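Visitor:
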Amino acid sequence: MSTLFLIFNHQLTALQEEDARITLGVDIIHNLPEELQEFWSSIPSNKPEIKPYLNPIETWLSSQAKVKLEPFLKE
Numbered sequence: 001m002s003t004l005f006l007i008f009n010h011q012l013t014a015l016q017e018e019d020a021r022i023t024l025g026v027d028i029i030h031n032l033p034e035e036l037q038e039f040w041s042s043i044p045s046n047k048p049e050i051k052p053y054l055n056p057i058e059t060w061l062s063s064q065a066k067v068k069l070e071p072f073l074k075e
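Going by the numbering used here, the first residue of the sequence shown is number 1, and it counts up by one from there.
(1) Between N31, L24, I57, which lies nearest to L6 when the distance is taken from Cα to Cα?
(2) Alpha carbons only, please: which of I28, N9, L12, E18 is nearest the one belonging to Q64?
(3) Enumerate in chain order the residues of its own chain whose CB-to-CB distance from E17 is below 7 Å, with the five nearest sequence positions on each side excluded.
(4) Might you give, ordered along the chain, the residues of its own chain that have their beta carbon closer than 7 Å to the beta carbon of Q11, omitting 5 neighbours on each side?
(5) By the three-class DSSP mapping on this structure, what secondary structure does I7 have?
(6) Over what stretch of residues does the beta strand (DSSP E) that includes N31 continue unbroken?
(7) Looking only at C-alpha atoms, which of T3, M1, K66, I57 sits nearest to E35?
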């Protein structure tokens, strides 16, 4: 079973969700919780580096994902 984690501040349309299921072969689609969607939308877009802002997102994703993220988040 494949899972797609969406890290943005809006929901997929029904067409986008269907396309993701077909094209990417995902069974489950997880949206960010509403409070993290709001947080994500408040990250400054003019910063050259956003990693300092990502801890809440990393924490949520780590709690949801079956594979640990540490190897993928190294600089």
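Glycine included, each C-beta is placed from N, C-alpha and C at the ideal position.
Computed from a predicted model, the values in this text were never measured in an experiment.
Guide: From the atom records:
(1) If we check each option's Cα against that of L6, N31 comes out closest.
(2) For the residues I28, N9, L12, E18, the minimum Cα distance to Q64 belongs to I28.
(3) The beta carbon of E17 lies closer than 7 Å to those of I29 in the same chain, with the five residues before and after it left out.
(4) Answer for Q11: N31, listed in chain order.
(5) The answer is coil: DSSP assigns I7 none of H, G, I, E or B.
(6) Counting along the chain, the unbroken beta strand (DSSP E) around N31 starts and ends at 28 to 31.
(7) For E35, the closest alpha carbon among the candidates T3, M1, K66, I57 is that of I57.
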